[in-house]
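Numbering (the working numbering), first residue to last: 302 to 482.
Glycine residues also receive a C-beta, built at the ideal position from the N, C-alpha and C atoms.
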Amino acid sequence: MTVFIDDINMPIINEWGDQITNEIVRQLMEQQGFYNLEKPGDFTHIVDITLISAMIHPGGGRNDIPSRLKRQFTSFNCTLPSNNSIDQIFRIIGCGYFCTARGFPKEVCDTVTQLVPLTRTLWQDVKKRMLPTPAKFHYTFNLRDLSRVWQGMLTVTSEVLQDVSLLVHLWGTRGYQGTSR
Numbered sequence: 302m303t304v305f306i307d308d309i310n311m312p313i314i315n316e317w318g319d320q321i322t323n324e325i326v327r328q329l330m331e332q333q334g335f336y337n338l339e340k341p342g343d344f345t346h347i348v349d350i351t352l353i354s355a356m357i358h359p360g361g362g363r364n365d366i367p368s369r370l371k372r373q374f375t376s377f378n379c380t381l382p383s384n385n386s387i388d389q390i391f392r393i394i395g396c397g398y399f400c401t402a403r404g405f406p407k408e409v410c411d412t413v414t415q416l417v418p419l420t421r422t423l424w425q426d427v428k429k430r431m432l433p434t435p436a437k438f439h440y441t442f443n444l445r446d447l448s449r450v451w452q453g454m455l456t457v458t459s460e461v462l463q464d465v466s467l468l469v470h471l472w473g474t475r476g477y478q479g480t481s482r
């Protein structure tokens, strides 16, 4: 059986510096089972189990996991692509949709090229200013939020969008909806 634990670093640290939930996970991984609380001394062995977990970097209301637990896992760190890579990805998407072959005016197509880095910059500013806290732990912004802006913009048709001012209005609306929590 495979067990996936998402946000493994979310348990609260108690007054002794432990995360009780993670200590139970560590015990399972190290000793392949649990002690029975109803029958002291009895140990229940858990076999054929694989634990997989995910967490975001500590900070902003998120704790680090204890080193004794961390050593039980193989760690992979997925970093964000560079600004140029992000811009290239969304430029290909935006310019591929907003093109003259689909009936969009040339001014609209040219403006989309300028909106790509502006959208990324807005997303990065929101990430810096709206940091997660224990009370607002949902303030985590990732590439999914940036892609939602473009996903919303790609719903408009060339029959509706015939000038730059409407495109900018659509971009502002989608940018607000994509980054508001």
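Check	Outcome
At least 3 beta-carbon pairs within less than 8 Å: the segment 402–413 vs the segment 450–467	yes
Rounded Cβ spacing between serine 354 and isoleucine 306 (contact assumed at less than 8 Å)	4 Å
Coarse secondary structure for valine 461, derived from DSSP in three states	coil
Assigned secondary structure, arginine 449 (DSSP; H/G/I helix, E/B strand, else coil)	helix
Length of the line joining the Cα atoms of aspartate 446 and proline 359	20 Å
The segment 389–402 touching the segment 416–427, judged by at least three CB pairs closer than 8 Å	yes
Rounded separation between glutamate 460 and threonine 422 - CA only	29 Å
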